[in-house]
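If you read the protein sequences in the order shown, they are chains R and W.
Sequential numbering of the first sequence, starting at 0, is according to numbering that gives the first Met the number 0.
Sequential numbering of the second sequence, starting at 0, is according to numbering that gives the first Met the number 0.
Think of the CB as a built atom: it goes at the ideal place given N, C-alpha and C, for glycine as much as any other residue.
Shown next, in structure tokens, is the structure this report addresses.
Protein chains: 2
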Amino acid sequence: MTTRSSTDAARVIPEATVARLPVYLRALTALADNGIRTCSSEDLATAAGVNSAKLRKDLSYLGSYGTRGVGYDVDYLRYQIAREIGVTQDWPVVIVGIGNLGHALANYSGFRSRGFRVVALLDADESVVGQSVAGVVVRPFRDLEEIVREHDVAIGVIATPAVAAQDVADRMVAIGITSILNFAPAVVAVPEGVDVRKVDLSIELQILAYHEQRKANGADAAAAVAVETGGGAA
Amino acid sequence: MTTRSSTDAARVIPEATVARLPVYLRALTALADNGIRTCSSEDLATAAGVNSAKLRKDLSYLGSYGTRGVGYDVDYLRYQIAREIGVTQDWPVVIVGIGNLGHALANYSGFRSRGFRVVALLDADESVVGQSVAGVVVRPFRDLEEIVREHDVAIGVIATPAVAAQDVADRMVAIGITSILNFAPAVVAVPEGVDVRKVDLSIELQILAYHEQRKANGADAAAAVAVETGGGAA
DNA sequence: CCCATTTTGTTCTCGCGTTCACAAACTCCT
DNA sequence: AGGAGTTTGTGAACGCGAGAACAAAATGGG
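Take a look at the structure:
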């Protein structure tokens, strides 16, 4: 069970690093588009918005793809990262729930260009079924199994209302999907071996609001103290 | 400068905890909707998808809002968290970039219900300006300053293409916005004191793809070893 | 050919976050 | 009233990730 081929011997890439690899990939693509063929860790770190020590450490988990005294070959490194993440291959994806967000996801060009292919759009609402979104006809949710088997889909996207999320996830898991990207504002429980990532628009805003409130309170408190002590502008 | 009012004396809530508070808030709301008036840390932890020790520790940063041997009063705790995050007040928000994603965000009902009010939709593209989206008329990007001043906006949302993101962010910062939620697939640099959070749809998918690939490789490797060693099903 | 310069890859240290484990505190039953 | 049973709040141990600092390797000039 635990036997591994020799090629992935010491390959335990930390989760935090995995989460940054796509950022590096994008930064490298941007550099390449600007005609830059070689870059230092400092250059790439700036483009990716991290510090260079962290970048070098992250890259070291993949292997030694740089040249000391020189830097990294942009195209070469880009290919290595892409291969490591798996975006050199084609990932079929199904999107369930074609509301406002589902529309936006179906139309998002960033998927296709990164190896993800939307093979089907599904919705339980019959009034949505049959509509064409982003050149794909929306099919009834009950067709999920057929589509997943036909295209060998491993990744599912949930963009339904919160109440439907768990049911959709359960169905996906039952059919054999092992990675789920959940946009619904609900916690979905899945069995061991299935990965779920959650993107929540309003949670991000709430985190910003917390810090914003702290900034304001800090200012208020300082102002209050200034008044109390008789300080302040003339 | 560092003077603080006595009410927020030992109030240094860890960032990781802050990120989970909105999740707890939503779980509490769900419990309340189901008519549940009291819950244990175990119950709430399950609803929020975390373990109970973490939940209790997180809540302990806010204060002692539970009762030993009993649990938490759902409504009371919900209010305390809401107040801590700042969603008991009203946060005016502007959304810049009314493409597919901007449409979805403008229509997202989860904002309004959590204290966020979309006061304006902006786009640099004149062909979009004047359209009505979610009951709000899209205005030209150049109106940003006027709108921010009028409504005292502190939070801006960027839903533009990647190339425009940095320009929009710069403009927002110049006008006095101090919190930015960036949906554009680009790294935006901002000065000290401005918070940026980034939501990237395709990065999340790439992280899933990485793990999916590892699952597949692990299975392949195991199968290959089985073949090499002459093992396998009859 | 050797040395100065540049830049990577890695080691070490520190701090944060997670988890365990338990004492304190509350309820309920007898 | 007292003890058994629950459940919170927190102290302590542990592991992971971030960042600094440095050794190793490559280049280029004299």
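A153 of chain W by DSSP, collapsed to three states: which one?
-> coil
Compare the Cα-Cα distances from A105 of chain R to each of R:A158, R:G70, R:Q88 and report the closest residue.
-> R:A158
Is DSSP giving Y71 of chain R helix, strand or coil here?
-> strand
So which of W:E41, W:R55, W:T45 has the shortest CA-CA distance to Y16 of chain W?
-> In the sequence under discussion, the amino acid at residue 16 of chain W is Thr, which differs from the Tyr named in the question. Nearest C-alpha to T16 of chain W: W:R55.
By DSSP, does A44 of chain W sit in helix, in strand, or in coil?
-> helix
Three-way DSSP call (helix, strand, coil) for S131 of chain W in this model | strand
Taking a cut of 9 Å between CB atoms, which residues from the stretch 172-193 of chain R lie near chain W?
-> T177, S178, I179, L180, F182, P184, A185, V186, V187, A188, G192
Taking L180 of chain W and E83 of chain R to be in contact with their CB atoms under 8 Å, please state how far apart those CB atoms are, rounded to whole angstroms.
-> With 8 Å as the limit, L180 of chain W and E83 of chain R do not qualify as a contact, their Cβ atoms being about 29 Å apart.
Return no unless some Cβ of chain R is closer than 9 Å to the Cβ of R196 of chain W.
-> yes
Excluding five sequence neighbours on each side, which residues of the same chain lie with their C-beta closer than 7 Å to the C-beta of I35 of chain W?
-> V73
So does the stretch 209-216 of chain W actually touch the stretch 191-200 of chain W, counting three or more Cβ pairs closer than 8 Å?
-> no
Beta carbon of L27 of chain W nearer than 9 Å to that of A44 of chain W | no
Straight-line gap, D172 of chain R to L207 of chain W (C-alpha atoms, nearest Å) = In the sequence as displayed, the identity of residue 172 of chain R is Val instead of Asp. Each residue's alpha carbon lies about 15 Å from the other.
Is T159 of chain R helix, strand or coil by DSSP?
-> coil
May I ask you to list, following chain order, the residues of the stretch 98-112 of chain R that have a beta carbon less than 9 Å from some beta carbon of chain W?
-> G98, N99, L100, G101, H102, A103, L104, A105, N106, Y107, G109, F110, S112
Would you check if there are 3 or more beta carbon pairs closer than 8 Å linking the stretch 59-77 of chain W to the stretch 113-131 of chain W?
-> no
Return yes when the C-beta of W90 of chain W is under 8 Å from any heavy atom of the ligand MG, and no when it is not.
-> Ligands are entirely absent from the displayed structure, and the ligand MG is therefore not among its contents.
Quick one: which chain R residues come within Cβ less than 8 Å of R77 of chain W?
-> Neighbours of R77 of chain W on chain R: none; closest Cβ ~13 Å, over 8 Å.
Can you tell me where the alpha helix (DSSP H) with V22 of chain W in it begins and where it stops?
-> 14-32
Minimum Cβ-Cβ distance from I84 of chain W to chain R less than 9 Å = yes
Comparing the C-beta of A119 of chain W with each C-beta of chain R, is any distance below 9 Å?
-> no
For A47 of chain W, which residues in chain R fall below 7 Å Cβ to Cβ?
-> V186
Report the partner residues of I179 of chain W according to the DSSP bridge assignment.
-> W:G155, W:V195
Residue-level contact to chain W via CB, R116 of chain R, 9 Å cutoff = no
Assuming V135 of chain R and G129 of chain R form a contact by the criterion Cβ under 8 Å, report the distance between their Cβ atoms to the nearest whole angstrom.
-> About 12 Å separates the two Cβ atoms, so there is no contact after all.
Hey, could you find the ends of the beta strand (DSSP E) A119 of chain W is sitting in?
-> 115-122
Member of R:L30, R:I80, R:R67, R:Y64 whose CA lies at the smallest distance from the CA of A18 of chain R | R:I80
By the 10 Å Cβ neighbour count, where 16 or more other Cβ atoms means buried, how is P160 of chain W classified, buried or exposed?
-> exposed
Indicate whether the contact test is met: 3 or more Cβ pairs, each with one atom in the stretch 89-105 of chain W and one in the stretch 184-194 of chain R, closer than 8 Å.
-> no
With 8 Å as the C-beta to C-beta threshold (strictly closer), list the residues of the stretch 33-63 of chain R near chain W in chain order.
-> A46, A47, G48
Taking C-beta to C-beta, are D169 of chain W and P91 of chain W nearer than 9 Å?
-> no
Would you mind sorting V11 of chain W into buried or exposed? The rule is 16 or more other CB atoms within 10 Å of its CB.
-> exposed
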